[in-house]
Amino acid sequence: MRSRVLAASRDGMSARSAAARFGIGISTAIAWIASARAGQLTPAKQGRRGGSRLDAHEDFIIRIIEEKKDITLNEMVLRLREDRAVSIGRSALDVWLRKRGWTFKKRPRMHWSRSVLTC
């Protein structure tokens, strides 16, 4: 669609006429033509950037997990802040670790229930 609008513009058609002819918004046609004049003929990349701030510190995170197997997420966040000056939330660290197959969840011991049989 973009290439047809740009071809019509090169042939002398106005942006408004090209928008009406191809059934797109006027502002879209104007933006496409303006970006083509600036040298950008293809659409810009969409979506979020890939990667995380933690990717550069992956070796450090694995090392602190191996040093202390029962480390909590809060302790890891604190170590990242103190040792590497990386400020990140606990939930963001949890998501990053889960994507790599690590899970950290401390569960309190369950009390025995008199009404429900537990094993």
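Residue numbering for the sequence shown follows the numbering used here, starting at 403 and increasing by one per position.
The beta-carbon is built from N, C-alpha and C at its ideal position, and this holds for glycine as well.
Asked                                                                                                                      : Found
How big is the Cα-Cα spacing for serine 489 and arginine 481?                                                              : 10 angstroms
Would you call alanine 446 buried or exposed, if buried means 16 or more other Cβ atoms sit within 10 Å of its Cβ?         : exposed
Distance check for alanine 409 and threonine 444, CA to CA, integer angstroms please.                                      : 13 angstroms
For alanine 458 and glutamine 448, what's the separation of their Cα atoms in angstroms?                                   : 24 angstroms
Among Arg404, Gly453, Arg450 and Ile466, which one has its Cα closest to the Cα of alanine 436?                            : Arg404
CB-CB under 7 angstroms to alanine 420, same chain, minus the five flanking residues each way: which ones, in chain order? : Val407, Ala410, Ser411 and Ala431
What residue from Ile428, Val479, Gly427 and Asp413 has the CA that sits closest to leucine 456's CA?                      : Val479
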